[in-house]
Amino acid sequence: MLINRQLRLKKRPEGLVQREDFDLVESSVPALSDGQALIQVLYLSMDPTNRVWMTDKPQYMPPVAIGETMRGLGLGRVVASRSKKYAEGDLVQGLVGWQNYVIASDEGTPFTRLPAQSGIPLPTLLGACGFSGMTAYYGLTDIAPVQPGETLVVSAAAGSVGSVAGQIGKIRGARVVGIAGGPEKCRYLIDELGFDAAVDYKADDWKNELAKATPDGVHVNFENVGGPVMRAVLQRMVLGGRVALCGLIAGYNSAEKPADDYSIIIVKRLIVRGFLAFDYAEPERAARDLANWVREGRIKAEETVEDGLENAPVVLNRLFDGSHRGKLLLRVGVEEG
Ligand SMILES: NC(=O)c1ccc[n+]([C@@H]2O[C@H](COP(=O)([O-])OP(=O)(O)OC[C@H]3O[C@@H](n4cnc5c(N)ncnc54)[C@H](OP(=O)(O)O)[C@@H]3O)[C@@H](O)[C@H]2O)c1
């Protein structure tokens, strides 16, 4: 008999997430009914939005209820099937939750079937070629398309979405400036990912460095952070600049709403568009382009992989202390054979 382990939300975290905010519950995996498939979860995607889902702030999906298995994106393998949609052996991606097994039903929330033998490692399928990469692609293709010769500034640039956004900016012919915490991440952006310049927002003179790195102003801002970082970038924008407002991670651990003054958006007549990758109408196009760019070496994918379902609450905190590069993942299952 297969045993499932689930991390269920016990109480809403205050500040950083604690292991004690969750119960680890074991139960046997029920037998499948017609129209169902059993997915073994292999990797969980550690996303800033997990932190938001744990709160009861107004948000784009219902908050995770107390006692409910934590919502989370991930990748898994279909290990048994009585479904018309999912066959045994399929690799799938979607909202698997913080658990070892999940049952997919033909009528329920769909999982995306991934192409077999794509030649791309599983962690990269969940990172640069998955939801993170698609977020970057959508933002710079449809929300705030960047043109050759324009200056693109990306914040949280050494992270999962930001690192792909900056590299897509280079593919599109833009001058790309990344903002990241610490000299090592800034070196990585320039030397390994091919950014034109990088600004360490933890250095004292970072606003001057931002001005020096953007002599012609900023045409497009791919914004992942908010707070002081976003305010400084908006000041550097040209008239009519475009902002793809992807995320505001600087505020995710705080119970209060950040008191940001966005009057600069009016002064500069900026076009700002918030967006959710979940809404993107052309995920297949994004997946195909991203996979090709990774295979061709035009996008360098990097993942930081940790182990163990029980560690999910603590590993998630690495998104907020700057201690990872690229996509942060948790390996929760190992395939047999
Ligand atoms: N709109 C959508 O559909 C969508 C989809 C996916 C993600 N997102 C958003 O995209 C952003 C990045 O997500 P990700 O998954 O790619 O995470 P990530 O960039 O891999 O990790 C988060 C990074 O943010 C930086 N950071 C954390 N707190 C910060 C602060 N107070 N000030 C400045 N930088 C801070 C850290 O890098 P440093 O070391 O540089 O500080 C950290 O590594 C998030 O805001 C997320 O909510 C939006």
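Quick note on my numbering: the sequence shown kicks off at 1175 and runs consecutively.
We treat Cβ as the ideally placed atom computed from N, Cα and C, and that holds for glycine.
query	result
Going by DSSP, what residue range makes up the beta strand (DSSP E) through Asp1453?	It is not in any beta strand (DSSP E) - Asp1453 carries neither H nor E in the DSSP assignment.
Is Asp1378 near ligand 1 - that is, is its Cβ less than 7 angstroms away from at least one heavy atom of it?	no
At the level of alpha carbons, what is the spacing between Arg1287 and Leu1265?	6 angstroms
Could you round the C-beta distance between Ser1329 and Val1399 to whole angstroms and report it? I think they count as a contact, below 8 angstroms.	4 angstroms
Nearer than 7 angstroms: is that true of the beta carbon of Pro1457 relative to any heavy atom of ligand 1?	no
When you compare the stretch 1318 to 1333 with the stretch 1294 to 1303, are there three or more beta-carbon pairs, one atom per stretch, that lie closer than 8 angstroms?	no
Measuring only from the beta carbon, is Ala1429 closer than 7 angstroms to any heavy atom that is part of ligand 1?	no
Taking the alpha helix (DSSP H) that Gln1409 belongs to, which residues open and close that run?	Gly1401 to Gln1409
When you compare each of Ile1345, Trp1380, Gln1341 and Leu1384 to Glu1366 by their alpha carbons, which one comes out closest?	Gln1341
Would DSSP call Lys1376 helix, strand or coil?	coil
Taking C-alpha atoms, which residue in Met1308, Asp1208, Gly1248 and Leu1218 lies nearest to Tyr1260?	Asp1208
Relative to the C-alpha of Leu1249, which candidate in Pro1236, Ala1239, Asn1274 and Tyr1436 has its C-alpha closest?	Asn1274
Could you have a look at Ala1318 and say whether DSSP puts it in helix, strand or coil?	coil
Compute the minimum distance between the beta carbon of Cys1303 and the heavy atoms of ligand 1, and state whether it is under 7 angstroms.	no
Out of curiosity, what's the CA-to-CA distance linking Leu1183 and Pro1289?	33 angstroms
Nearest to Gly1355 by alpha carbon, out of Tyr1311, His1498, Glu1484 and Ala1465?	His1498
Gly1333 bridges to which residues according to DSSP?	Gly1500
For the 8 angstroms Cβ check, are there 3 or more pairs between the stretch 1397 to 1415 and the stretch 1437 to 1453?	yes
So what does Phe1196 bridge to, in DSSP terms?	Leu1183
So, with DSSP's three-state summary, where would you put Asp1390?	coil
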